[in-house]
Every structure is written in C-alpha cells, then in structure tokens.
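Student: Whatever position you read off the sequence shown (first residue = 1), add 122 for this note's numbering.
Where a beta carbon is used, it is the ideal one built from N, C-alpha and C, also for glycine.
It should be emphasised that the depicted structure is a prediction, and the values quoted were computed from it without experimental measurement.
Sharing a structure here in structure tokens format.
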Amino acid sequence: KFDGLPEADGQAQGLLVEQDSGAYLWFGVRREAGVLYAWAGRLADGALATLGRIEIPSPAAPLYVRVGREGDWWRQWYSLDGSHWRPTAAFSQPMQVNRVGLFAANGPAEGSAEVPAMTAVVDCVMDTAYPIVDEDGPRAALDVRVEGSGRVERWPERSAYHLGEEVELRALPDTGWRFVGWSGAVSGGTNRVTVTVSGDLAVVARFALLDAPSDEHTMALPLVRR
C-alpha cells in the first residue's frame, strides 16, 4: 500500500523480487510523459523486458499493488481502494526467489538530464498468507477549507490519518490575493504549519485581496506638548 505517488517523469516505486543480482522481477508504478502507469518487468540474462504496462486513469493515493504467483505463473494487479482490482500483467517466469522488498527509483525524463528528487511513502507490505489484522488502528479526518481565493497543499495527502500523525499544510494565495491566517484547529499567520492529528479536525485558510484592509490597524494621534 503506497500513501504517495511518483510526481515527476522518470520516478517509479513498487516491489522487487530477486533471485540474484542478475535476475529479478519488478512490479509497481512508473510515471512517463505526465502519465502514471502500472508496470511490471524483469531482468534476465542481462536483458531488460517490460512485461506489463497500462495507464492508471485518475490516479490518487493511497494506491495498492498486488503480486501473485502460482508455480512459474506471475500476476500483477493494482487498486485505488484496496477492494476493486485491475489486472496489469500475467506472464510465466521460472525463478528461485531469495529476496523480496520495496524499491523506489528516479531518473531523467526522456530528453532531459535533470533527475528529480523523490520520496516514496509506503504504509505497509503484507503477505496474504500472514495477513496484518487491524494494522492501521483508528483514523481521523482532516477537513481543510478555504475562505477567499487560494489553495492549501498538504503532505501527506490522504483521506484519513493515523492518530498522532503529523500533516504539513501550506497555504498558497492566488494572484492578487494574500494569505491572512488560519482558523479552526490551527491558528497564526504563517503560511506553512504542521498539524498533529488528535481526532477529526477542521482547518480554515483565510485569504484576502491585496488591497483589502488588514486585520491590523494603525492609529495616529496628534502630538500635544505642554
């Protein structure tokens, strides 16, 4: 279960199944030309091969990747909700598996020398033969609303959060507007804050026009000398 997705071309993440340094399979997702693909491939006898590649429409985190094996027959699926699965790849590959683990990769996009930084956010890896029961515990919602014209970026971006989890919020005003401050579960005028989720929370980011009056007022009094 991945709680974050590749955001730039050339980034990938998933599960690596290894026989040795010269033979392995990979299952995961990769971003190319602005499109996120569910993707499977192998390295065998020095040759790289793509074994499955389909576009994921309207991708959003969390995203689930499932891998199954029966004898030499391998299958891959992906899901956006953990319940409805779409097949990605199916192929035959003899392999003596010695290690299985996560991977994250980044490289330059086609026609570019720039290698974008990447952070993979993974919730869990589970063997269905030994399922994790109630692995997440209770979760809570973080409702973020906007007054005025602007937006709020959050990281990590999820529909619900673990209790005690920290979420970074960043308020970004639209052109011609300014950030005024936070209200609700967060206060202050700094546009970047960190919220610790203690239960269902509601936060409001307030924006005002650049020429609108500020919450601060200055009063000038005449000077009187005696």
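What are the boundary residues of the beta strand (DSSP E) that includes glycine 163?
Tutor: Counting along the chain, the beta strand (DSSP E) containing glycine 163 begins and ends at 157–166.
Student: For proline 128, which option in Gly144, Leu137, Leu202 and Val151 has the closest C-alpha, if you only look at C-alpha atoms?
Tutor: If we check each option's Cα against that of proline 128, Val151 comes out closest.
Student: Who pairs with tyrosine 186 in a beta bridge, going by DSSP?
Tutor: Answer is Ser201, bridged to tyrosine 186.
Student: Which residue from Glu279, Ser281, Gly311 and Ala307 puts its Cα closest to that of serine 293?
Tutor: Sequence inspection shows alanine at residue 293; the serine mentioned does not correspond to that position. Ranking Glu279, Ser281, Gly311 and Ala307 by Cα distance to alanine 293 puts Gly311 first.
Student: What does a CB cutoff of less than 8 Å around arginine 99 pick up in its chain, not counting 5 residues either side in sequence?
Tutor: Because the chain here runs from 123 to 348, residue 99 falls outside it and cannot be looked at.
Student: Taking only the alpha-carbon atoms, compute the straight-line gap between cysteine 246 and tryptophan 304 and give it to the nearest angstrom.
Tutor: Rounded to the nearest angstrom, the two C-alpha atoms are 33 Å apart.
Student: Touching or not, the segment 136–152 and the segment 186–194, by the rule of three or more beta carbon pairs under 8 Å?
Tutor: Flag = yes, the segment 136–152 and the segment 186–194 touch.
Student: From glutamine 215 to alanine 282, what distance separates their C-alpha atoms?
Tutor: Rounded to the nearest angstrom, the two C-alpha atoms are 39 Å apart.
Student: Would DSSP call glycine 193 helix, strand or coil?
Tutor: Glycine 193 falls in the coil class under three-state DSSP.
Student: For asparagine 228, count neighbouring C-beta atoms within 10 Å of its own C-beta (all shown protein chains included) and say buried if the count is 16 or more, exposed if not.
Tutor: Asparagine 228 should be labelled buried.
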